[in-house]
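Below is one structure; the comments refer to it alone.
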């Protein structure tokens with residue numbers, strides 16, 4: 048059951064999003080309509096120039112309907128067996144609805160019209176818009192393909208390649224497509240293990256060479272690639288990794304808002320927390336699988352900027368849609384850590400207490416992290432304030448990029464611990480999400 052939380056009054060629970068911005072006394076400008084149209088157009092476009100990360104799941108199509116106003120000319124698009132599900136709040140800019148002038152600027156800026164189903168969050172089923180499209184600017188937007196659902200591994204690979212090809216050849220009038228891409232460990236495994244098998248089964252068909260070449264062209268033109276990890280936990284009570292419960296207050300929380308602002312270095316005092324990150328997976332696997340993909344494609348793109356993207360996804364029962372929801376989640380975290388759930392005088396063994404679990408209708412003995420002997424002296428006046436967004440580490444934070452083709456690329460990550468990891472030597476950039 049979700050906590051009935053109120054806005055926290057404790058300073059260490061204050062969300063850092065918005066605190067780093069310079070206060071504005073008055074943002075109104077009543078003379079805007081009287082400016083020359085050339086100036087107005089520049090201002091409209093400047094307002095659109097924000098970095099975004101667009102999460103996409105590729106799933107089996109439930110119907111063959113596509114947006115009636117945005118049907119691509121390519122008849123193959125309307126007959127595809129899959130559909131793109133896009134998750135995120137405020138995906139469509141308000142400038143589409145201000146007036147005709149702002150709408151024209153917005154349509155020109157977001158030139159890619161990607162047919163999709165729009166969802167507020169991965170858990171939202173009732174707020175689905177199956178006949179919408181997602182407006183994308185490849186120069187500013189990072190496409191995060193988080194999952195591909197296919198009946199077979201070969202079909203999953205086919206859908207991935209088809210998606211990238213359509214983004215380039217059908218949806219983008221300039222035929223550029225994806226320039227900024229984000230992939231997680233699961234997707235890289237599907238691509239690396241499936242690319243050769245897919246090619247060997249499809250090379251005789253006429254579509255194979257075109258689809259494969261389109262994939263190679265997309266890879267070569269990439270400007271940025273994010274290796275995404277979202278299994279890292281802020282609170283840890285499982286003692287097989289550490290001997291005591293820990294709370295990594297520095298780790299950013301990833302909300303479903305697509306727009307973000309990058310600070311070249313996290314301004315918070317995060318050094319201590321960087322020394323013991325519980326990643327939940329071996330991050331080195333991702334760049335080495337990507338290196339093998341490049342090897343299979345026979346390309347060596349020189350202009351890709353690589354980043355390791357790290358953030359913590361909130362529990363599934365929390366839909367963080369605004370600052371109020373975000374504040375409630377931070378209060379929930381604090382309640383979990385301090386044991387606000389404990390029953391009466393059930394405390395025993397220093398930091399264990401009885402807890403009622405509604406979904407099982409039973410009582411369990413659970414640990415209170417804040418009362419563990421190693422956490423009793425935590426100075427909350429010095430605690431790091433929570434941030435909603437994600438970290439961007441340089442690639443060297445997780446591994447050195449293999450530069451020689453003859454290096455063993457098979458499985459170089461095996462035998463390397465995926466538990467506690469220190470990144471204290473490589474401070475990350477902080478991407479802060481815009482919380483309405």
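In my numbering, the protein residues as written are 48 to 483. Where is the CB? At the ideal position from N, CA and C, for every residue including glycine. A quick note: this is a predicted structure, and the numbers were derived from the prediction, not measured.
Measuring alpha carbon to alpha carbon, tell me which of the options ends up nearest residue i.
i: residue 488; options: 83, 144, 94, 479; result: Outside the shown range of the chain, which is 48 to 483, sits residue 488, and nothing can be said about it.
i: residue 132; options: 348, 217, 181; result: 181
i: residue 258; options: 211, 95, 303, 281; result: 211
i: residue 330; options: 89, 445, 203, 386; result: 445
i: residue 94; options: 83, 136, 145; result: 145
i: residue 471; options: 84, 324, 412; result: 324
i: residue 184; options: 134, 199, 425, 154; result: 154
i: residue 213; options: 354, 156, 162; result: 162
i: residue 442; options: 61, 62, 338; result: 338
i: residue 321; options: 293, 341, 343; result: 293
i: residue 469; options: 220, 440, 481, 148; result: 440
i: residue 376; options: 255, 389, 360; result: 360
i: residue 384; options: 481, 138, 410, 425; result: 425
i: residue 438; options: 64, 371, 354; result: 354
i: residue 147; options: 134, 202, 199, 88; result: 88
i: residue 238; options: 84, 481, 342, 86; result: 342
i: residue 326; options: 483, 277, 179, 223; result: 277
i: residue 394; options: 419, 371, 370; result: 419
i: residue 371; options: 102, 481, 332, 358; result: 481
i: residue 60; options: 467, 403, 216, 296; result: 296
i: residue 427; options: 316, 102, 348, 97; result: 316
i: residue 405; options: 392, 388, 156; result: 388
Indicate the three-state DSSP secondary structure (helix, strand or coil) for residue i in the structure shown.
i: residue 436; result: strand
i: residue 266; result: helix
i: residue 379; result: helix
i: residue 332; result: helix
i: residue 90; result: helix
i: residue 257; result: helix
i: residue 209; result: helix
i: residue 429; result: helix
i: residue 98; result: strand
i: residue 479; result: strand
i: residue 326; result: coil
i: residue 307; result: strand
i: residue 117; result: Low per-residue confidence applies at residue 117: pLDDT is 43, beneath 50, and the placement is therefore not dependable enough to give any value.
i: residue 300; result: strand
i: residue 387; result: coil
i: residue 423; result: coil
i: residue 57; result: coil
i: residue 447; result: coil
i: residue 316; result: coil
i: residue 64; result: coil
i: residue 203; result: helix
Determine which residues share a DSSP beta bridge with residue i and list them.
i: residue 243; result: Partner(s): none; residue 243 has no beta bridge.
i: residue 399; result: 395, 414
i: residue 46; result: This structure does not reach residue 46, given that the chain is present from 48 up to 483, and the question cannot be answered.
i: residue 228; result: 190, 272
i: residue 107; result: 129
i: residue 283; result: 293
i: residue 214; result: Its beta-bridge partners do not exist; DSSP assigns none.
i: residue 278; result: None; residue 278 has no bridge partner.
i: residue 351; result: For residue 351, which the question treats as bridged, DSSP gives no partner whatsoever.
i: residue 441; result: 354
i: residue 370; result: Bridge partners of residue 370: none, in fact.
i: residue 409; result: 404
i: residue 359; result: 300
If you check the beta carbons only, do residue i and residue j fall under 9 angstroms apart?
i: residue 477; j: residue 310; result: yes
i: residue 298; j: residue 281; result: yes
i: residue 381; j: residue 57; result: yes
i: residue 436; j: residue 300; result: yes
i: residue 272; j: residue 352; result: yes
i: residue 193; j: residue 275; result: yes
i: residue 416; j: residue 386; result: yes
i: residue 336; j: residue 227; result: no
i: residue 158; j: residue 221; result: yes
i: residue 244; j: residue 204; result: yes
i: residue 196; j: residue 104; result: yes
i: residue 303; j: residue 366; result: yes
i: residue 412; j: residue 401; result: yes
i: residue 91; j: residue 152; result: yes
i: residue 62; j: residue 305; result: no
i: residue 202; j: residue 247; result: no
i: residue 279; j: residue 357; result: yes
i: residue 200; j: residue 318; result: no
- Considering only residues of the segment 128-198, which uninterrupted beta strand (DSSP E) runs meet the minimum length of 3 residues and lie entirely inside it, listed in chain order? The beta strand (DSSP E) runs of length 3 or more contained entirely in the segment 128-198 are, from start to end of the chain, 129-134, 159-166, 176-183, 188-195.
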